[in-house]
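Worksheet for the structure shown next.
2 protein chains.
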Amino acid sequence: MKKLNIAIIGLGNIGSYLYKYLNDNKEILTKKNNCIPFIKYISARNRRKKRNIKIKKNQWLDNYLDATKIKDVDLIIELIGGSEGPAKKLVFQALQNKKHVVTANKALIAKYGDQLAIIAEKNRVNLEFEASVCGGVPIIRSLKESLIANKISKIYGIFNGTSNYILSAMDKKNKNLQEVLLVAKKLGYAETNPSADLNGSDVMAKLKILSSLCFNSFLSKNIYVEGIKEIDTTDIRNANKLGYKIKLLGFAELLDNNIYQRVHPTLIKKDSYVAGIDGVLNAVIVDGKPIGQSIIQGEGAGPAATTSALVSDISSILRGNIKFPFSVPSGERKKFKFNTIDERLFSAYLRFEVIDKPGVLSNITKIFSKNKVSIKRLVQNPNINKKISSIIIITHKSKNKFLNKILKDISKKSFIKKKPKLIRIDDN
Amino acid sequence: MKKLNIAIIGLGNIGSYLYKYLNDNKEILTKKNNCIPFIKYISARNRRKKRNIKIKKNQWLDNYLDATKIKDVDLIIELIGGSEGPAKKLVFQALQNKKHVVTANKALIAKYGDQLAIIAEKNRVNLEFEASVCGGVPIIRSLKESLIANKISKIYGIFNGTSNYILSAMDKKNKNLQEVLLVAKKLGYAETNPSADLNGSDVMAKLKILSSLCFNSFLSKNIYVEGIKEIDTTDIRNANKLGYKIKLLGFAELLDNNIYQRVHPTLIKKDSYVAGIDGVLNAVIVDGKPIGQSIIQGEGAGPAATTSALVSDISSILRGNIKFPFSVPSGERKKFKFNTIDERLFSAYLRFEVIDKPGVLSNITKIFSKNKVSIKRLVQNPNINKKISSIIIITHKSKNKFLNKILKDISKKSFIKKKPKLIRIDDN
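These protein sequences, in sequence, are chains A and B. The first sequence begins at 0 in numbering that gives the first Met the number 0 and counts up by one. The second sequence begins at 0 in numbering that gives the first Met the number 0 and counts up by one.
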């Protein structure tokens, strides 16, 4: 029986879970893949740290980089994390020394994936990163293998469970973001420092990876990113009344040989599939030809779902299923133009909190008309006690730059009492 | 560059679409898989039939079985259809002669898959059948590769687009099955003879295949199957009032080392994911450990979606991704007991059309209590004009055999004016 010698580097929640899983399921994985997954070495920052697993003495490497040099290591599993430092060193050296690499590190792949792919291809080893995007949703393997026949025009969805949990809970419990975030932290759905989840940068890294797999392009640096920090319960209530939910969505589209990538809170029709995805779930929607629309949904994160993804990558290597990291050889990846969303058309929800006095409404609508944005719907809710009105406007499809211009122009007006809001609508 | 010589046998809608697709996309598939998919031979029943494709003279085989004998054929794509006759002959002989096989033939795999797998494994060739189950939903590759780490306890979903279209349209348009079926035929959603779609046997074949992949068991013969022919608009309206939709679902479950497989119309909560899947779409839900719940949704049938599935199988073979047809070697497939659903617990919807006279209700409820089935909800709708009442009962969870016994006992009563209905409820 063939054998694949594995080194696991990094023993946090995920590394420990994977180590235990591979030990418990060695037999069935061997049967399915006709090759033994043998954990030859392990390394992590602190050997003496208390962990829930038993490590044999001869398995431990004091210097994690030794795994890249030892001859009888075939596959290195990088579970250190971070786009720089030890993780970067490990993965570059591993591929240079002709070791297969499996990683859950989205930051590393989103930043250095293009360079790493070139090395992997030159040395004919696999670089697999299913676990880096939406843990329990096998979207990378689907794009690279199951949907290989398809010319993909659009990928979008919910790529971050934490922010989706927060928006769902704000909606259902009518609580503000800070209150809900506290609960999320208690439940383990949000990290101590949740900024990457809230400011959209987690989704951005995932979208970069997915987009390049969909369009056979390189990783892009030109992504519009807006997080959920400024969404408040008033917006969620307003959206509800208008027949929408607010979701943090990532979108990558190929339109006339231009790639548009964007991450932002989005108003999406209540009866749409995506609006129904609540809590920490992730969902990915792919539009392709000839397949039409394809959807995958599952748990987005956590050691269990991530281990499922890691093991699918490990099994692929056990079976000798050699693939290009980004579907096609690096020399064949396309040089599409990555466009800003300035010229892209959106209908949008805008909210202005204004002093309740004559002339304000005409002042606002004049700015819309000056910027050639036509209004589809306008609702004014007066609050007499505070002498403040809330003006909600839904626009027809208009260029993003004009919507932004309106926001900027109106922000400066003296009758504005609060920073105005702009949330794009997805009404496809 | 490596090359794989392919023979396509069968040139109906799907065969023609695939042939055209492979010609148009040869270059990109070669780049992605590092191997050329070369269509060496083609065969079909009638050479002179008008088709929308150009076939070179030296590609045509007069005898389709020659493809299994010619030395320079590596892969045979079987698109003849049917579990017996030419398709069976072709696939058995192909595998015996060490050719890889890709097929879209669910009837053949559901019936002879176990035997065929043994031959494929002995000869170390691939037998791939992604296109045989839910065309555009890559569920087979997901089970065998993406979800390989998981111990699956349940798979269920909508596996037949035709019946799902019919039930959705009956609901939305308040029309009966025959009316809706006529429209479905006009739209190309139902075949001239739609019996396999309506009587559940199409779902049965798919469920057999999926179940054996999920549980690493052999193909079962013990499946409870009930189609949608007896569902009428009254049931759909009643279900709506009670907060349910009616869907034709297939279920395979592993409970205490027993496998239960069943196909039947099911009342499912309106706000559940499955209830929202309308029209010809397919959706598959998998419960597994460690992944949790995973969902895949897409177009179920048609030449385009089926070609996407076929090409994913062909690409896997191009990359040399050798796998066991049913995930594990045949010698390792488990001999679980396939149980009937007699002892399985269901809550159910029952409808009785009765003569409106004293004593009927007490007579009915007595039969329930005699069979130890407790009633959760009872609605009696009198129709005074016809002197007939409609009694709808929702039960608590009860053994299937007792529910059937009630149906049988009450059917015989003289106050019954129409064959009673029993529809199982999925309230998980």
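By construction, the Cβ of each residue, glycine as well, lies at the ideal position given by its N, Cα and C atoms.
Check, Outcome
"Below-8 Å beta-carbon distance, ASN239 (chain A) vs any chain B residue", "no"
"GLU77 (chain A) - containing beta strand (DSSP E), residue span", "74 to 77"
"Within 7 Å of chain A by C-beta, residues of the segment 386 to 411 of chain B in sequence order", "none"
"Burial state of VAL378 (chain A), where buried means 16 or more other Cβ atoms lie within 10 Å", "exposed"
"Alpha carbon of SER397 (chain A) to alpha carbon of VAL285 (chain B), nearest angstrom", "42 Å"
"Contact set for ALA274 (chain A): own chain, Cβ-Cβ below 8 Å, skip 5 residues either direction", "TYR243, LYS244, LYS246, ILE267 and LYS268"
"Cβ of THR306 (chain B) within 8 Å of any chain A Cβ", "yes"
"Neighbour-count burial assignment, GLN260 (chain A), 16 or more Cβ in a 10 Å radius", "buried"
"Which of helix, strand or coil DSSP assigns to THR191 (chain A)", "coil"
"GLY112 (chain A): contacting residues in chain B (beta-carbon distance under 8 Å)", "Here the premise fails: no neighbours, minimum Cβ distance about 17 Å."
"Alpha carbon of TYR155 (chain B) to alpha carbon of GLY249 (chain B), nearest angstrom", "5 Å"
"CB contact check: ASN320 (chain B) to chain A, cutoff 8 Å", "yes"
"Inter-residue spacing [alpha-carbon to alpha-carbon] between THR233 (chain A) and ASN159 (chain A)", "22 Å"
"Boundaries (first-last residue) of the alpha helix (DSSP H) holding LYS88 (chain B)", "84 to 95"
"Distance CB(ASP355 (chain B))-CB(SER311 (chain B)) smaller than 8 Å", "no"
"SER410 (chain B), buried or exposed, once every other Cβ within 10 Å from all chains shown has been counted against 16", "exposed"
"ASN257 (chain A) (DSSP reduced to helix, strand or coil)", "strand"
"Chain A residues whose Cβ lies nearer than 8 Å to that of LEU146 (chain B)", "PRO137, SER307 and SER311"
"Residues, ordered as in the chain, of the segment 283 to 302 of chain B that lie near chain C by beta-carbon distance below 7 Å", "Of the protein chains in the structure, A and B, none is chain C."
"Selected residue, minimal CA-CA separation from ILE316 (chain B), among B:GLY14, B:LEU10, B:LYS31 and B:ILE8", "B:LYS31"
"Assigned secondary structure, GLY297 (chain B) (DSSP; H/G/I helix, E/B strand, else coil)", "strand"
"DSSP three-state assignment for PRO324 (chain A), whether helix, strand or coil", "coil"
"Coil, strand or helix - GLU342 (chain A) by DSSP", "coil"
"Which of helix, strand or coil DSSP assigns to ASP113 (chain B)", "helix"
"Contact test: ILE321 (chain B) Cβ vs the ligand PLP heavy atom, cutoff 7 Å", "In the structure on display, the ligand PLP does not appear, and there are no ligands present to speak of."
"Residues bridged to GLU127 (chain A) [DSSP beta-bridge criterion]", "A:VAL101"
"Touch test, the segment 134 to 150 of chain A against the segment 291 to 299 of chain A, Cβ-Cβ under 8 Å, three pairs minimum", "yes"
"Residues of the segment 325 to 338 of chain A with Cβ closer than 9 Å to any Cβ of chain B, in chain order", "SER326, VAL327, PRO328 and GLU331"
"Inside the segment 157 to 243 of chain B only - alpha helix (DSSP H) runs reaching at least 4 residues", "160 to 172, 176 to 185, 194 to 197, 200 to 214 and 232 to 240"
"Start-to-end residues for the alpha helix (DSSP H) that takes in LEU28 (chain A)", "25 to 32"
"Between the CA atoms of PRO193 (chain B) and HIS395 (chain B) - distance to the nearest angstrom", "35 Å"
"Pairwise C-alpha distance: VAL327 (chain A) and ASN256 (chain A)", "18 Å"
"Per-residue contacts from ARG140 (chain B) into chain A (C-beta, under 9 Å)", "ARG140, SER141, GLU144 and SER145"
"Within-8 Å CB hit, ASN450 (chain A) to chain B", "Any answer about residue 450 (chain A) is impossible in this case: the structure gives chain A only from 0 up to 427."
"DSSP three-state assignment for ARG376 (chain A), whether helix, strand or coil", "strand"
"Cβ-Cβ distance between ILE321 (chain B) and LEU146 (chain B) below 8 Å", "no"
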